[in-house]
Structure formats: structure tokens, C-alpha cells
Amino acid sequence: MLPTIRQPLILLLLLGSFVAHQTRGETMNIQLEINGHRLQASLDDTPSGRDFYALLPLTLSVEAYADTETIGYLPRQLTTQGAPAGVDPQVGDISYYAPWGNLALFHHDFGYSKGLIRLGHIKGAPEVISRALRIESPTTLTLIPLTADSGSGAGQGFKPLSKEKI
Numbered sequence: 001m002l003p004t005i006r007q008p009l010i011l012l013l014l015l016g017s018f019v020a021h022q023t024r025g026e027t028m029n030i031q032l033e034i035n036g037h038r039l040q041a042s043l044d045d046t047p048s049g050r051d052f053y054a055l056l057p058l059t060l061s062v063e064a065y066a067d068t069e070t071i072g073y074l075p076r077q078l079t080t081q082g083a084p085a086g087v088d089p090q091v092g093d094i095s096y097y098a099p100w101g102n103l104a105l106f107h108h109d110f111g112y113s114k115g116l117i118r119l120g121h122i123k124g125a126p127e128v129i130s131r132a133l134r135i136e137s138p139t140t141l142t143l144i145p146l147t148a149d150s151g152s153g154a155g156q157g158f159k160p161l162s163k164e165k166i
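In case it helps, this note's numbering puts the sequence shown at residues 1 to 166.
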């Protein structure tokens, strides 16, 4: 009986390792749609950043928090492997607050926060990012993976990654 169980277990472990590492070394560009704004961002090539990228595409309900960030709860916890104890977020940082399991998009600088893991950063001028992320009432955030566009340069050189490639 042991050989029968061992083969599927080994296959499952290999598949899990492939999925966890499939984005390593890739440029992980994403598009955020919130409050009528479309923003582009790059995720960090870290275990937490790759784990977050593996969740995309994703739509979350988000709300304002502490007049500095917009937060939404992820469908599952992200890995914290190799993450620092905390970070000092800046305008445009995309972060994961591990104790609560939420995504945090910063529209204002904030002080060092233990348990906060930077996942990436939104591209653009801080005032544009701040205006886009400041929300008055709960709304929807859509996050879409992007791939380099070899075409005409429309869409700032990126296009949404089709579901088939995820």
C-alpha cells in the first residue's frame, strides 16, 4: 500500500513546488482598477510577491483605513517566508498585513509597521496614486496580471494576461 500512496504524494509535492516557483524571475506587472482609475504596478520578486501574483486575477471589496491606506481581505493567507519583521510603507506601496490577512494599498506614507510585508509598488506620481486610492466609501478593487505587449505600445506596453496563461 505504501508505494501506491507514495507516487501520488511525490507528484503532488512536485506540482506544488512548480506552482510556487513558476513566477520566479518573471517581471510581475499588474493592473489595478479602483474608483474609476487604472494604475499599473510591479510586484517584488519575493516569496510573498509571487504568492500574491498567483492569486490574480482577483476582485476584492475594499475600504478606507486610518486615512492612510485602502484595505481588502484576501481569499487566503500569503506566505511570509523570508519576509522582514515589518516595513516602512510609502505612497504607492502594495503590502500585505500578515496578522489580519489583508492587502493594503498606501495613499499616504506611514511609519514602520511590524507584520507588514511589501508586495510591490504602484507606478506613477505620488499625487496621482494618492488621489486614485483615496476612497470615501467601500468599493471594488480589481487586480489583473499583465504581460509585455510586443505590439504598438498601446496600454503603456502591457496587456492583460489571459486566463489560459495563468
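The beta carbon of each residue, even a glycine, is placed where N, CA and C say it ideally should be.
Item                                                                                                                                                         : Value
Since Leu70 contacts Leu105 with CB under 8 Å, what's their CB separation in whole angstroms?                                                                : It is Thr, not Leu, that sits at residue 70 in the sequence shown. Indeed they touch by this definition, with Cβ atoms about 5 Å apart.
Which of the three DSSP states is assigned to Asp67 in this structure?                                                                                       : coil
How far does the alpha helix (DSSP H) with Ser48 in it reach, from first residue to last?                                                                    : 47-55
Going straight from the alpha carbon of Ala191 to that of Gly92, what length do you get?                                                                     : It is not possible to answer for residue 191, since the shown part of the chain is limited to 1 through 166.
By Cβ distance below 6 Å, which residues in the same chain neighbour Leu56 in space, the five residues on each side in sequence not counted?                 : Leu143, Pro145
Assign Arg118 to one of two classes, buried (16 or more other C-beta atoms within 10 Å of its C-beta) or exposed (fewer than that).                          : buried
If we ignore side chains and look at the alpha-carbon of each, how far apart do Tyr53 and Ser130 end up?                                                     : 23 Å
On the DSSP bridge list, what partners appear for Ile34?                                                                                                     : His37, Leu141
Note down, in chain order, each residue of its chain lying with its Cβ closer than 6 Å to the Cβ of Arg134, except the 5 sequence neighbours on either side. : His107
Mapping the DSSP letters down to three states, classify Leu2 as helix, strand or coil.                                                                       : Any answer about Leu2 is weak, because its pLDDT of 46 lies below 50 and its placement is not dependable; what the coordinates show is given next. Helix, per DSSP.
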